[in-house]
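What follows is a single structure, written as structure tokens, with notes after it.
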Amino acid sequence: METSVPDSTWKAVIEMSLDMPFNCMKKIDHETMVSSGLEADILRLDEQAVHDRYKFGVIYVKEGQTKEEEWLSNEHDSEKLDRFLNIIGRRIELQGYTGWAAGLDTRSGDSGEHTFVDEWKEHNIAYHVSSLIPSRQGDKQQVQKKRHIGNDIVCVVFAEGKQPFNPAAIKSQFLHVFIVVHEEEWEGRTGWRVEVAMAEPVPAFSPPLPEKAIFFHESEMRSFILAKLINAEYAAYKSPKFTQPMARAREGILANVTERGFKIAKDPEISFFSKHNKSPSTSSDRSSKSSRSGFGSDHITPTPSRSSMIRELSEGIAGLGRRRSGPENNNQHVDAHPKPTRSNKPARKGKSNNKHAEGKHTINLKSLKVRCIIPTLINNPIIYYLIFNI
Numbered sequence: 001m002e003t004s005v006p007d008s009t010w011k012a013v014i015e016m017s018l019d020m021p022f023n024c025m026k027k028i029d030h031e032t033m034v035s036s037g038l039e040a041d042i043l044r045l046d047e048q049a050v051h052d053r054y055k056f057g058v059i060y061v062k063e064g065q066t067k068e069e070e071w072l073s074n075e076h077d078s079e080k081l082d083r084f085l086n087i088i089g090r091r092i093e094l095q096g097y098t099g100w101a102a103g104l105d106t107r108s109g110d111s112g113e114h115t116f117v118d119e120w121k122e123h124n125i126a127y128h129v130s131s132l133i134p135s136r137q138g139d140k141q142q143v144q145k146k147r148h149i150g151n152d153i154v155c156v157v158f159a160e161g162k163q164p165f166n167p168a169a170i171k172s173q174f175l176h177v178f179i180v181v182h183e184e185e186w187e188g189r190t191g192w193r194v195e196v197a198m199a200e201p202v203p204a205f206s207p208p209l210p211e212k213a214i215f216f217h218e219s220e221m222r223s224f225i226l227a228k229l230i231n232a233e234y235a236a237y238k239s240p241k242f243t244q245p246m247a248r249a250r251e252g253i254l255a256n257v258t259e260r261g262f263k264i265a266k267d268p269e270i271s272f273f274s275k276h277n278k279s280p281s282t283s284s285d286r287s288s289k290s291s292r293s294g295f296g297s298d299h300i301t302p303t304p305s306r307s308s309m310i311r312e313l314s315e316g317i318a319g320l321g322r323r324r325s326g327p328e329n330n331n332q333h334v335d336a337h338p339k340p341t342r343s344n345k346p347a348r349k350g351k352s353n354n355k356h357a358e359g360k361h362t363i364n365l366k367s368l369k370v371r372c373i374i375p376t377l378i379n380n381p382i383i384y385y386l387i388f389n390i
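According to the UniProt record's numbering, the residues represented by the sequence shown are 1 to 390, in order.
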């Protein structure tokens, strides 16, 4: 029995785009969406944009220092820096630490003995403190430190002295925002002066700096710094460096969901569990493990191509590979396409490559441009429309 669609629903859909190909739309009822796992995949796709783990770099700049090599070679010998770090976090021993360590070594001590972490408003924060990561003699660039801090997006710079901080002195393709902090004495009171430097494509973000940008109360400064750091990361994601690869990954996932939706609309009995034959014990072991993209044992197992794309999106940037330190190159092209998977490898010789093998409803994903997926409440249950343009 067909479910009637209220005029208000079509009005909302049409307002999104006047040129939607309504003749190509397929209707899938809510029960099928849930049982097939499509509903969970659509919800999970948007959940990937919000995360609760953040890593930020911390660089210590001594008075008179102007070069990156000098900054990264500094030892952790500043009482002012230690006081500041204890305000925005808490010191923990890395050896055996089981919490969020942002990639720092918690076994062999290669990343040092200690670092600073924090939990703030349900957010887990870990800092890559340059002066706490061991320096390597003879290594001018301090690759061990740069490997962590150079791959961060936002960095705190604790600067002693009144010399201006020059962000261009740090060679990194990924550092987009710097929160610069100075501890100073004002009329016998200790205060923290805060400055913000960011790459040109990064939009403005809250909270705004207060008048004179000076904090005299630790709690106020802490709340401001943590909120500014987290919002800085989200603002940086809006720059072309990150939006383009993330959009490609999202488009790939949506295309995959759309393809599955077409097949389900054609035959609701189709099973979309992984096609690989596995013993029950193997499948159980794999599903019981938590993955970075948040799949649990109660969810449908994604196909290899979807698994790869969702994993890349959950990391924030799809397919960027290992970030490199080095001079900035504004014309450098970032290859952010998802890696080839079994689903898009060329067909082996001897196997059928008939384009019409799946019938007249076969979809050519290369020519498919996903427009959007709209969840619409229609007389309960929910009816989902996969809207696309072939």
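For glycine and all other residues, C-beta sits at the position ideal for the given N, C-alpha and C.
Buried versus exposed call for residue i [16 or more other C-beta atoms within 10 Å across all chains shown]
i	result
glutamate 63	exposed
arginine 136	exposed
glycine 326	In this prediction, glycine 326 scores a pLDDT of 36, lower than 50, which makes its location untrustworthy; the coordinate-derived value is nonetheless stated afterwards. Classification of glycine 326: exposed, given that the 10 Å Cβ count is below 16.
glutamate 68	buried
valine 50	exposed
aspartate 41	buried
lysine 345	Per-residue confidence for lysine 345 stands at a pLDDT of 42, beneath the threshold of 50, marking its modelled position as unreliable; the derived number appears in the next sentence. Exposed, since its Cβ has fewer than 16 Cβ neighbours within 10 Å.
Bridge partner(s) assigned by DSSP for residue i
i	result
isoleucine 57	The amino acid at residue 57 is misidentified as isoleucine; the sequence shows glycine. Partner(s): His128 and Cys155.
glutamate 184	Gly191
valine 50	Beta-bridge pairing links valine 50 to no other residue.
methionine 198	Val177
valine 117	Arg90 and Ala126
phenylalanine 84	Per DSSP, none; premise fails for phenylalanine 84.
glutamine 215	Here residue 215 turns out to be phenylalanine, not glutamine, going by the sequence shown. Per DSSP, Trp192.
Nearest candidate by alpha-carbon position, reference residue i, set the options
i	options	result
aspartate 110	Phe165, Leu132 and Val58	Leu132
lysine 80	Ser172, Lys241, Ala169 and Ala159	Ala159
glutamine 173	Phe224, Val194, Ala236 and Glu195	Ala236
glycine 103	Glu70, Ala249 and His148	His148
arginine 44	Pro164, Arg250 and Arg83	Arg250
glycine 188	Phe216, Arg83, Ala126 and Asp105	Phe216
histidine 114	Asp105, Ile14 and Ile87	Asp105
alanine 168	Lys11, Ser219 and Ala197	Ala197
phenylalanine 165	Gly37, Asp52, Ser36 and Val61	Val61
threonine 66	Gln163, Asp82 and Tyr127	Gln163
isoleucine 87	Arg222, Arg248 and Met246	Arg222
residue 391	Arg193, Ile92 and Ser78	Residue 391 is absent from the structure shown; the chain starts at 1 and stops at 390.
asparagine 256	Met20, Gly37 and Ser78	Gly37
proline 134	Glu218, Glu75 and Ala247	Glu75
Expected contact under 8 Å - CB spacing of residue i and residue j to nearest Å
i	j	result
leucine 175	glycine 150	7 Å
tryptophan 186	isoleucine 225	Not a contact, Cβ separation roughly 18 Å.
alanine 227	proline 208	11 Å between Cβ atoms; not a contact.
phenylalanine 84	glutamate 183	7 Å
glutamate 122	aspartate 46	About 18 Å; that fails the 8 Å criterion.
Close-in-space but distant-in-sequence residues of the same chain around residue i (CB under 6 Å, 5 per side omitted)
i	result
valine 154	Phe56, Val177, Leu229, Ala232 and Glu233
alanine 265	Lys26 and Ile28
glycine 161	Glu63
isoleucine 125	Tyr54 and Asp118
glutamate 195	Val180
valine 58	Tyr127, Val129 and Val156
alanine 101	Ala126
Neighbourhood of residue i by C-beta, 8 Å cutoff - its chain only, sequence neighbours within 5 removed
i	result
glycine 350	Caution applies to glycine 350, whose pLDDT of 43 falls short of 50 and renders its modelled position unreliable; the value that the coordinates give is listed next. Closer than 8 Å at the Cβ level, and outside the excluded window around glycine 350, lies no residue.
arginine 90	Phe116, Val117 and Asp118
glutamine 95	Thr106, Arg107, Gly109 and Glu113
Neighbourhood of residue i by C-beta distance below 7 Å, restricted to the same chain and skipping five residues each side
i	result
alanine 199	His176 and Ser239
leucine 72	Ser130, Gln142, Lys145 and Lys146
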